[in-house]
Amino acid sequence: MSMAEEYIANKTKNEIAASEDNIPPHEPKIYESGYFFLSQQISALKDSMDAKFDRVDSKFAEVHKEIKDLSNTMDARFEAARKESDARFEAARKESDAKFDKIDAKFDAVYKVIEDLADKIDARFDAAKKETDARFDKIDARFDAAKKETDARFDKIDARFDAAKKETDVRFDKIDAKFDTAKKETDARFDKIDSKFDAIHREISGLQRWAFALIATVIIGFAAIYFK
Numbered sequence: 143m144s145m146a147e148e149y150i151a152n153k154t155k156n157e158i159a160a161s162e163d164n165i166p167p168h169e170p171k172i173y174e175s176g177y178f179f180l181s182q183q184i185s186a187l188k189d190s191m192d193a194k195f196d197r198v199d200s201k202f203a204e205v206h207k208e209i210k211d212l213s214n215t216m217d218a219r220f221e222a223a224r225k226e227s228d229a230r231f232e233a234a235r236k237e238s239d240a241k242f243d244k245i246d247a248k249f250d251a252v253y254k255v256i257e258d259l260a261d262k263i264d265a266r267f268d269a270a271k272k273e274t275d276a277r278f279d280k281i282d283a284r285f286d287a288a289k290k291e292t293d294a295r296f297d298k299i300d301a302r303f304d305a306a307k308k309e310t311d312v313r314f315d316k317i318d319a320k321f322d323t324a325k326k327e328t329d330a331r332f333d334k335i336d337s338k339f340d341a342i343h344r345e346i347s348g349l350q351r352w353a354f355a356l357i358a359t360v361i362i363g364f365a366a367i368y369f370k
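In this text, residue positions in the sequence shown follow this note's numbering: the first is 143, and each later residue adds one.
In structure tokens, the structure reads:
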């Protein structure tokens, strides 16, 4: 018996012995043979459990090995598939590169033709532009000459208008002076008329006051005679 089994048996024995102190007298007691039998059963149960755990560990090890082998197989297959895919992609890439190189060569040829045409068109446009610029330069020169002649004519017209304006201003100044003199004479005459009207108005006001006083005197006189 191992130390662990002996420890378990002694512990169980002590627990049973401690519990026997509380057993009533009419219940049976457990003897030394019962302790030994119980210890054997515990040892057998432990051995059985250890064996079962060993079988489980063995099965786990087998399953782990199978999984590892399967993983290695899958890795090998995936690696082979990857290499095959890489080879196919590389071949397809090379084929595509070759096709694109041909297309680039065709585009380069077409682009060169287009550039040559563009250069010819640019040369024609440059020649046409130079010719057009020369014609416009001649037209500008003619317009400049016509403008100078027109400006000279307008300058003469402006000078004539300025002289006519000065003469007209002098005449209008004389007319304004005559109008001012006539206005002053007219104002003086109207002032005299206003003075005469003021004198007449004062005389009329005096006559009105005299008439009112006369009427009031007559009314008072009649009233005095009537109420006497």
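Ideal placement from N, C-alpha and C gives every residue a C-beta, glycine not left out. In this text, all values refer to a predicted model and were calculated from it rather than measured experimentally.
- Rounded to whole angstroms, the separation of the alpha carbons of Asp-300 and Ala-283 is 25 Å.
- A straight line joining the alpha-carbon of Ala-353 with that of Phe-332 spans about 31 Å.
- The C-alpha of Lys-308 lies about 55 Å from the C-alpha of Glu-345.
- Between the alpha carbons of Ile-362 and Asp-336 lies a distance of about 39 Å.
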